[in-house]
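Residue numbers (the numbering used here), protein chains in the order written: chain A, 18 to 376; chain B, 18 to 376; chain C, 18 to 376; chain D, 18 to 376; chain E, 18 to 376.
For glycine and all other residues, C-beta sits at the position ideal for the given N, C-alpha and C.
Bear in mind that the values here come from a model prediction, so they are computed numbers and not experimental data.
Reading through the structure tokens given below for one structure.
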Amino acid sequence: MQHRAGKTVRKRSQKSGLPPGSLVHIGVQRVEKTKITVISYDETQFTEQSFDSVEACIPFRESPAITWINIDGIHQTDILEKLGACYDLHPLVMEDILNTEQRPKVENYDDYLYIVMKMLHAGGTDVEVSTEQISLVLGRNHVISFQEGIEGDVFGHVRERLRSEQGKARKLGADYLVYSLIDAVVDNYFLVLETLGEQIESLEEKLVTSPTSETLRAIHYLKREMIFLRKSVWPLREVISSLQRGDSPLVQDATRLYLRDVYDHTVQVIDTIETYRDMVSGMLDIYLSSVSNRLNAVMKMLTIIATIFMPLTFIAGVYGMNFKYMPELEWRYGYFLIWTVMILIGVFMLIYFRKKKWL
Amino acid sequence: MQHRAGKTVRKRSQKSGLPPGSLVHIGVQRVEKTKITVISYDETQFTEQSFDSVEACIPFRESPAITWINIDGIHQTDILEKLGACYDLHPLVMEDILNTEQRPKVENYDDYLYIVMKMLHAGGTDVEVSTEQISLVLGRNHVISFQEGIEGDVFGHVRERLRSEQGKARKLGADYLVYSLIDAVVDNYFLVLETLGEQIESLEEKLVTSPTSETLRAIHYLKREMIFLRKSVWPLREVISSLQRGDSPLVQDATRLYLRDVYDHTVQVIDTIETYRDMVSGMLDIYLSSVSNRLNAVMKMLTIIATIFMPLTFIAGVYGMNFKYMPELEWRYGYFLIWTVMILIGVFMLIYFRKKKWL
Amino acid sequence: MQHRAGKTVRKRSQKSGLPPGSLVHIGVQRVEKTKITVISYDETQFTEQSFDSVEACIPFRESPAITWINIDGIHQTDILEKLGACYDLHPLVMEDILNTEQRPKVENYDDYLYIVMKMLHAGGTDVEVSTEQISLVLGRNHVISFQEGIEGDVFGHVRERLRSEQGKARKLGADYLVYSLIDAVVDNYFLVLETLGEQIESLEEKLVTSPTSETLRAIHYLKREMIFLRKSVWPLREVISSLQRGDSPLVQDATRLYLRDVYDHTVQVIDTIETYRDMVSGMLDIYLSSVSNRLNAVMKMLTIIATIFMPLTFIAGVYGMNFKYMPELEWRYGYFLIWTVMILIGVFMLIYFRKKKWL
Amino acid sequence: MQHRAGKTVRKRSQKSGLPPGSLVHIGVQRVEKTKITVISYDETQFTEQSFDSVEACIPFRESPAITWINIDGIHQTDILEKLGACYDLHPLVMEDILNTEQRPKVENYDDYLYIVMKMLHAGGTDVEVSTEQISLVLGRNHVISFQEGIEGDVFGHVRERLRSEQGKARKLGADYLVYSLIDAVVDNYFLVLETLGEQIESLEEKLVTSPTSETLRAIHYLKREMIFLRKSVWPLREVISSLQRGDSPLVQDATRLYLRDVYDHTVQVIDTIETYRDMVSGMLDIYLSSVSNRLNAVMKMLTIIATIFMPLTFIAGVYGMNFKYMPELEWRYGYFLIWTVMILIGVFMLIYFRKKKWL
Amino acid sequence: MQHRAGKTVRKRSQKSGLPPGSLVHIGVQRVEKTKITVISYDETQFTEQSFDSVEACIPFRESPAITWINIDGIHQTDILEKLGACYDLHPLVMEDILNTEQRPKVENYDDYLYIVMKMLHAGGTDVEVSTEQISLVLGRNHVISFQEGIEGDVFGHVRERLRSEQGKARKLGADYLVYSLIDAVVDNYFLVLETLGEQIESLEEKLVTSPTSETLRAIHYLKREMIFLRKSVWPLREVISSLQRGDSPLVQDATRLYLRDVYDHTVQVIDTIETYRDMVSGMLDIYLSSVSNRLNAVMKMLTIIATIFMPLTFIAGVYGMNFKYMPELEWRYGYFLIWTVMILIGVFMLIYFRKKKWL
């Protein structure tokens, strides 16, 4: 996970001192080679092509159809530079696309909108959640999306719907495509939250049956995961809200309704994260008081043992003394009497502790 | 309860990848069969009918009287789809009605308002609170309400008042009916809060008389219940406030006064929830310090026993030594003297502990 | 106190299902019989009368003088209903007057303002604070005040001033009378805060000298009292602020200055409550760390005793062994030597503990 | 200090029931006799006089020069009443001047501004901080300042500058004088913060070297002091901000720049208070964990002693038994053998504890 | 570090009582002698000169090229006074430049903007972070920057870019230069955060492997460092935001885009600080619960030892009694039998503790 202290920022320092707009890739290289996929569609037609070089994208610039260029892998800065030049992207936008440590945000550059989001990947059985930065550029009739290239394509469903003419996907404009991509990312959050929810549930069971210091570590791990999730999702709320209420002519009124819907989903995700945070905090409290309770149990046991055997050992000690004149020692049944006394003391102690509910 | 981690979100993932507006029921199926009840009334007349199929509702569309269609059970998506088509509901609205994990909200679709609320059901002696999603659609002279169909009808009183011509119910419009339904839901919150209040009270008594780790678990359970309630009620405040202040022509000025009233009730409910939260937090503090206090008591007991018997056992041990020359052993009253010394030490210790207020 | 969980809301459920505006008294009946007092005054004259029935109030409706109707006891709903009819009060207002679980609020009904406040009563030596709901209706030249009828009249001073022509009371309008009543309630808060302040002070002394688990309970009691006070006073701030800044023609500019003054007092009350809350929280911290400190002291004592006597008992045990050949036992001064050794060990231990500052 | 619970409010109750604007002094009488000092100056001349009676101030009313009337001691209400009458001060202003429990605030009475501030006095070696209420009235060309009269004059520097024609003091108007007085008060806060800072530093050293329960009390004392300071300084921020941005014609544009400067200083003071609060909270955490650590150390010592001597005492006990047939007792070197065994056990235990890092 | 209590404010008190605008250096003197560097450039030319006296700067006043005057070391107030006079800086600005305890802020003086920032220096292997105050004055075509003169020049990169004609640095105006300087400072924050991140990471490892009270101190040290960082960076956000959105004609639209970029970076820095704070808080929790866990372990060991040996010692004591008639003592295998019994008891206890998971 990238929120490990140090790792997050380590690479950032390579850029220190460079002029603004310098194209330096900050982050982890995820794929071997940048993959470029271009989908061009309108209500009547649909084409899908893959390219190795960015020059192939240029003809689509002038196409009246809606063009969706998807870039998988952002470490080849030369490719991105050419694409940026072709679509007139501001150097600061190009810089932000390459820097995978952005906060989710939307920026309005008159001709186009630039949107940054965080995709979350929850690895199978593993607890770790990793993030992938998704950048979107929305122009009048083109959308460019940049992924880091982590395996598992969340945009597959969107592509499928475009291909199959399902829903309104092909009837509406480029802004609806951007909505679809945001919706795909937010839908994916629910999957990650499910995984986390299951982890919380299984941890809670462990907490009740057998809390160990391992459990404590797991709780803290989840807590940190929550901090991390919150940081990734929280700003998205504002992003979608400003898309929906903003006055950019690039977003049509019909799409705003859909953005309101995805905004609601984001709020729901944030709500769930907050609820999980509260639950994890509650688990920490339970853990700590179960530790106190166990200490209490241990101390009670010690006290019971000491309270029973200390007086008895004292009595045995007394009759182990070597005084010349100790009348009891001479008694015929002295030994049996003393056993009776000791057993009575022991039984009395046990009754006392039972009454005090220590046993 | 549905806020169990994992359960809340598990079903949500079935929809992942579907286009927006896809009608998939998310949640638990509560009834066998969807029940449709149509009430049509104006100041002079009142009819109430039950239907199995949605086609029967169509004639009411054109009726000048106020029509209230109540749907019990939302898992039969085909029925809902037809109804949506008949009343021109937006696909996103239909989607939200079917997804029972919505936050309370109000959405303005020019021709109609769409309102989501959460009904709470506190099961008899049980601690668990379950929620039911209530969706309302307010048109010019019709109201459509969607319930999940949990047993126990909170709208019965509203129906009764419409039948009996009691109050102003039949003189005012569809917006007043919506107000009545919201009011019925909020009134119901007070009942749930009462149940919780009684649980808190009985838990507090237990906390004072005999706190066990069971009590701790109950406190945490209540705490979580509060998180859950808050999540259900808090957004409703905003919903009612925006209905009251909003400028939708569907809500008349006369009704706004009533909405202000139900708004006040919602604030009161939230206030009570917050007070309960504070009380439950205070209970946790008391529990933890009572654990510390008991540890103190246990340790004091151990220390008293050890402090009294260790010196005594030592003395007994001394006179159990086998040295050839130990003058005391030869004394005539050595044994009785040593008993006196030991009893004096014991009494002195007891006085000392009493003075220290340990006894 | 009414914030006991359960009690607050229990009665509320009686109203569940009734139409809005139903007149049901919610709360505790405080007096046998509703008492109606009517004061009519202007700059030149003053009359004060008591009535049993509400009909006697009707003539005052048309009087050009300022009329103040004070109702003591609100459980006789028929009387209130008639009064409401006479002064054209909205059914929702009448409902709120009868429901003693309102939050402080102000509502503007064009012809009149409706204000709800909470009066606090701190019972003599007792810790409990009880509340009484005060409702005020401010019309053009009449004020109607509703009290629950708890003994002890905080409005006595206002009456006195009207009678004696003291201050500007009789020169200014009905709005100034309302200000005077609010001022009387807020002034009363200072008295309650004094009582609480004294309780905190005496509790603090106890905390330093002899903290018991009784102290803990008292701290928690005060904490809860603070939650309760805050809930009663906090919304009043907003109420007065909106009266002062609002644009109701019923409040004249001259009176707004006075409202600003009482607003400042309310803020001061809230400030004091917050300070007390912080102080009580600090007391809880002190209590908990004093419990830890005492545990430390107990454990030190145990450790000192054990560390001194365990080695000594061991030595005594060694020379109590029955080996055939134990040279020391034969020594002439073996016994005295062993005593010397044991005393040296004891003294050494004591010096060690003194150096460690445990003694 | 005045924030002792009870003391703060006790005197306030004397005013309960009096009409608004009643002149009652609330607080502690600080000086024997009210002292009146009048400074009159413009760019060319400067006079400074002391009076006993307020009548002497009247001629200055009409003077074209700037008049600064300073009142030391506010318990002689008759003097203040006359002054208020002479300068047309509203009764509510006079009441607030006399009530030394005001929050800092500014009020705009068209003809004049009324400002309340809190001066802080940190007594030499003592920890206590006491407050003095400073009231300022800013008219067109006069300033009236009211002090409670605590020894030590913080306005001396301002007077000095007026006398010596240093800075712009005499060139600018009455508003600049008010700024100078506020600036003097805020400058004084830095001195108090220094004293507190030194206390925190010395407390921190004690915390590291030898934390006692005395340290805990000192930490809590500082914490409370912080609450108190915050309450005194926080509202001043708003006061200065509203002076600076407000549209009162009494404050000239040239002065607003200076007010922005003193506003920055106030924010800096608040920042420092918040930082100190965080530091003091951190100290409490350290204290509590050092208590836990010491408990751990004590328990380790006890456990080490018990773990070493219990088995040894057991062995000694075994060979103290009086069985007829115990072969070891007959052995020639049995006694020495048993000593060897016991020493080995002891050494082994010590090595074990050293490995566990308990020693 | 300057946030040590007392040190922060100590020097501040020297200014107490001086008129506003008095030039007194508050802070630590960092360099021997003030160094003045003047860079003058436009699109075609670039000159860079160093001076000892401020008079040499005067000719640049009238130059049409962009002038950047950098002052290293601010303790020589006479030099700064002359410079201030030359560039018409307000006395309050000069005062703020000299007072190194400013909060980051921006002030608009029509002809110029005055900006204060905090540069952070993280010393190599050391944990301490020190701050340096950077003041910037932005005029129409000049920028004056004031540094305290700590070694290590963060503006070197900016100078380099101006020299080398790299980027747009020389094509854009003085506002772009100010942006570059702010960007350099913010870029530097990332380096400091990296150092802190590494410290957190290494501390976390220690926490898991071997937590000592040293670790606790380090955690608290980091916590305080975070408070300090936050105080330095948080207000910068507002500064940049108001520069970007403000309507000062000194900032051109082209530069605003770049300011938005550096604003995003600042938010990212603040986000990271908050995440680190949460992580450090979590570490404290882990530390405290590991202390509790170790106490538990210690107590378990004690209890195990006591529970095994107390009964055994008691049995040995019993057969050490000297009663005349104790049948067991006479038995042939009594001694071996008793050993068997004692070993059985010991084994049973061990099995019991293993079952309880204490071993």
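According to DSSP, what are the bridge partners of residue i?
i	result
glutamine 164/C	Asp89/C
glutamate 65/D	Ile56/D
alanine 139/A	Val146/A
If we define contact as Cβ-Cβ less than 8 angstroms, is residue i a contact residue for chain E?
i	result
phenylalanine 353/D	no
phenylalanine 245/D	no
glutamate 118/A	yes
Let me know if residue i comes out buried or exposed under the rule of 16 or more other beta-carbons within 10 Å of its beta-carbon.
i	result
serine 249/E	buried
isoleucine 360/E	exposed
leucine 376/C	exposed
Using a Cβ cut-off of 8 angstroms (strictly closer), state whether residue i contacts chain C.
i	result
aspartate 288/B	yes
valine 146/D	no
Measure from the C-beta of residue i to each C-beta in chain B and report whether the shortest distance is under 8 angstroms.
i	result
methionine 417/A	The first residue shown for chain A is 18 and the last is 376, placing residue 417/A beyond what the model contains.
methionine 338/A	yes
alanine 235/C	no
proline 328/A	yes
Tell me where the alpha helix (DSSP H) around residue i begins and ends.
i	result
histidine 237/D	230-262
alanine 201/A	191-226
histidine 174/B	173-181
lysine 372/A	351-372
lysine 99/B	94-103
At what residues does the beta strand (DSSP E) containing residue i begin and finish?
i	result
valine 154/E	146-155
methionine 111/D	It is not in any beta strand (DSSP E) - methionine 111/D instead sits in the alpha helix (DSSP H) that spans 108-115.
glutamate 124/C	122-126
According to DSSP, simplified to helix, strand and coil, what is residue i?
i	result
tyrosine 293/B	helix
leucine 40/B	coil
threonine 84/C	strand
leucine 130/D	strand
Does residue i get closer than 8 angstroms to chain A when you measure Cβ to Cβ?
i	result
phenylalanine 365/B	no
glutamine 285/E	yes
valine 268/E	no
Would you say residue i faces chain D, with C-beta separation under 8 angstroms as the test?
i	result
isoleucine 303/C	yes
isoleucine 322/E	yes
threonine 292/C	yes
aspartate 278/C	yes
Chain G partners of residue i, CB-CB under 8 angstroms?
i	result
alanine 186/B	The structure shown contains no chain G; the protein chains it does contain are A, B, C, D and E.
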